[in-house]
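Student: The sequence shown runs 1 to 232 under the UniProt record's numbering. Built from N, CA and C at the ideal position, the CB exists for glycine as well. Below is a structure I'd like to ask you about.
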Amino acid sequence: MDTTSSWIDIQAGDGRFGAYLALPRGGKGPGIVLLQEIFGVNSHIRAVADQYAADGYVVLAPDLFWRSGPRIELGYDDVSWARAVELMNATDVDKAQQDIGHTVRALRAQPGVQGKVGAIGFCFGGRLAYHTAANGQVDAAVAYYGGGIHNALGRAPQVRIPLQMHFGALDAHIPADAVARIATAFEDNDGVEIHVYDQAQHGFNCNHRASYQQRAAAQAHGNTLVFLSDHL
Numbered sequence: 001m002d003t004t005s006s007w008i009d010i011q012a013g014d015g016r017f018g019a020y021l022a023l024p025r026g027g028k029g030p031g032i033v034l035l036q037e038i039f040g041v042n043s044h045i046r047a048v049a050d051q052y053a054a055d056g057y058v059v060l061a062p063d064l065f066w067r068s069g070p071r072i073e074l075g076y077d078d079v080s081w082a083r084a085v086e087l088m089n090a091t092d093v094d095k096a097q098q099d100i101g102h103t104v105r106a107l108r109a110q111p112g113v114q115g116k117v118g119a120i121g122f123c124f125g126g127r128l129a130y131h132t133a134a135n136g137q138v139d140a141a142v143a144y145y146g147g148g149i150h151n152a153l154g155r156a157p158q159v160r161i162p163l164q165m166h167f168g169a170l171d172a173h174i175p176a177d178a179v180a181r182i183a184t185a186f187e188d189n190d191g192v193e194i195h196v197y198d199q200a201q202h203g204f205n206c207n208h209r210a211s212y213q214q215r216a217a218a219q220a221h222g223n224t225l226v227f228l229s230d231h232l
């Protein structure tokens, strides 16, 4: 893949944390803050960063679990799942949002970033992408199967930037009624897109998981690229 990657350090109010930086060929493009699943900035998230870098974006994926330990990287077996849930529950979401703000500033300061900055998040990171949109920290945001968004719809009126959300029709963690509630909350917001993919489960974009659904992943990636090209 025609990208260059490295880890950089970002200063937070209570320490420093790492972030995976992926540069496109030529080193220049709009910016994307990539927000991890509950498994850390693992090989899958780094591959997603490299993928969007190959699509022409400067991508920065912050290590949001750094207060529990630097660069924690988990797989998808039962033991990893249990540890991932522990890490998610131990994460202070307000501090994570502050970390995202620091990451956005660090990304905008990268010499290769031209134009606007967006956020893309998956699962836990999808929920954070939604809050990032509500906070107005980026110019556009994309949330893949963001768990818990339906419990935070009080923030829906605060979303004033373009937002795209992706859900699987067979997602056991985000049932159809939750997606319907989200759709209702945003029915008068023309800047919000919601895509639901038939036969797709939670985590359908991750080819490291049994729930990977190639067609849904391809469709969602295409929809995301069109959305980003329109708004970044």
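Measuring straight from C-alpha to C-alpha, what distance separates alanine 231 and arginine 209?
Tutor: The sequence given here has histidine at residue 231, not alanine. Counting only the Cα atoms, arginine 209 lies some 30 Å from histidine 231.
Student: So is alanine 180 buried or exposed if we call it buried at 16+ other beta carbons inside 10 Å?
Tutor: exposed
Student: Check threonine 4 in the structure and name its three-state DSSP category.
Tutor: strand
Student: What number of angstroms, rounded off, separates the C-alpha of alanine 152 from the C-alpha of alanine 178?
Tutor: 11 Å
Student: For the stretch 153-173 against the stretch 88-98, do three or more pairs of beta-carbon atoms, one drawn from each stretch, fall closer than 8 Å, so that the two count as touching?
Tutor: no
Student: Looking at isoleucine 149 and alanine 143, is the spacing between their C-beta atoms short of 8 Å?
Tutor: yes
Student: In angstroms with no decimal places, state the Cα-to-Cα distance between glycine 191 and glycine 112.
Tutor: It is roughly 28 Å from the alpha-carbon of glycine 191 to the alpha-carbon of glycine 112.
Student: Inspect the beta-carbon positions of valine 117 and proline 30 and report whether they are closer than 8 Å.
Tutor: yes
Student: Please list the terminal residues of the continuous alpha helix (DSSP H) segment that includes residue 233.
Tutor: One cannot answer for residue 233 here, as it falls past the ends of the chain, which runs 1 to 232.
Student: Quick one: grab the DSSP three-state call for aspartate 50.
Tutor: helix
Student: Return the chain-ordered list of same chain residues with a C-beta closer than 8 Å to the C-beta of arginine 108, the five sequence neighbours on each side being excluded.
Tutor: The residues are Gly31 and Val117.
Student: Can you tell me the Cα-Cα spacing of alanine 200 and arginine 215, whole angstroms?
Tutor: Our two residues, alanine 200 and arginine 215, have alpha carbons roughly 9 Å apart in a direct line.
Student: Would you kindly report the start and end of the unbroken alpha helix (DSSP H) that includes leucine 107?
Tutor: 93-108
Student: Ignore the nearest five residues each way along the sequence and tell me which others in leucine 163's own chain have a CB closer than 6 Å to its CB.
Tutor: Ala133, Ala141 and Val192
Student: Suppose the cutoff is 6 Å on Cβ atoms and the five residues either side in sequence are ignored; what does the same chain contact list for glycine 121 look like?
Tutor: Leu35, Leu128, Ala129 and Ala143
Student: Given that a residue counts as buried once 16 or more other Cβ atoms are within 10 Å of its Cβ, and exposed if not, what is threonine 103?
Tutor: buried
Student: With DSSP collapsed to three states, give me the class of valine 85.
Tutor: helix
Student: What would DSSP say about glycine 222, mapped onto helix, strand or coil?
Tutor: helix
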